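Numbering (the numbering used here), first residue to last: 5 to 203.
Glycine residues also receive a C-beta, built at the ideal position from the N, C-alpha and C atoms.
Predicted model, so just to flag it, every value in this text is computed and none were measured.
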């Protein structure tokens, strides 16, 4: 009988076409720093455009942060199957188009197919939805994915921590995602009460 092996924890990170590509990049960096986690990356075509436009980041620079990179059109990739064991998936950022496709079970590319797999297998799916203002269609789609088991986690700044830089604001949102994944981090201080904060 073979002895059990301790495989690394697998997490899928997807970057779709909404503004806020920095959230996906910072999440990949944080997961790499933690160690013991195997990351699988998939980026939509608009996501690649935003990585270049918002961060000046080319494919090679991003791909170096992940253990495996999958083409968004490859619906036959490993992460498209429920038999591929992984603990969580985060779409960071999640466009309204991707949200709508997940809400309606379209599975029309690898991001939405992998997300559909997470829902059907009852695994953690976190969607960092990024849009403002929100239409009734957006809100209804958020309700649909929440009812299906996903967690809608918009990257909203928290000013009670008195952020000094854009990086502080990004780290706070990524820290909330790491909490949802039950992973340790020191990206943001934890709230210890107003009395303590005023000292």
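Looking at the structure shown, is residue i part of a helix, part of a strand, or coil, going by DSSP?
{"i": "residue 198", "result": "helix"}
{"i": "residue 72", "result": "strand"}
{"i": "residue 193", "result": "coil"}
{"i": "residue 150", "result": "helix"}
{"i": "residue 187", "result": "coil"}
{"i": "residue 58", "result": "helix"}
{"i": "residue 160", "result": "coil"}
{"i": "residue 13", "result": "strand"}
{"i": "residue 64", "result": "helix"}
Which whole-angstrom value is the C-beta distance of residue i and residue j, which I expect to be below 8 Å?
{"i": "residue 91", "j": "residue 30", "result": "Rounded, the Cβ-Cβ distance is 20 Å, inconsistent with contact."}
{"i": "residue 94", "j": "residue 17", "result": "6 Å"}
{"i": "residue 145", "j": "residue 107", "result": "4 Å"}
{"i": "residue 59", "j": "residue 34", "result": "Going by Cβ atoms, the distance from residue 59 to residue 34 rounds to 16 Å, so no, they are not a contact pair."}
Please return the same chain residues whose Cβ sits closer than 7 Å to the Cβ of residue i, not counting the five positions on each side in sequence.
{"i": "residue 123", "result": "129, 152, 153 and 154"}
{"i": "residue 81", "result": "74 and 114"}
{"i": "residue 12", "result": "40, 41 and 42"}
### beta strand (DSSP E) runs contained entirely in the segment 77 to 141, provided each spans 3 or more residues
92 to 98 and 128 to 133
### Message
When you compare the segment 184 to 197 with the segment 101 to 108, are there three or more beta-carbon pairs, one atom per stretch, that lie closer than 8 Å?
### Response
no
### Message
Below 8 Å, how does it come out for the segment 16 to 29 and the segment 52 to 61: are there three or more Cβ pairs, yes or no?
### Response
yes
### Task
Spell out a yes or no on whether the segment 66 to 79 and the segment 39 to 46 are touching, meaning 3 or more CB-CB pairs, one atom from each, closer than 8 Å.
yes
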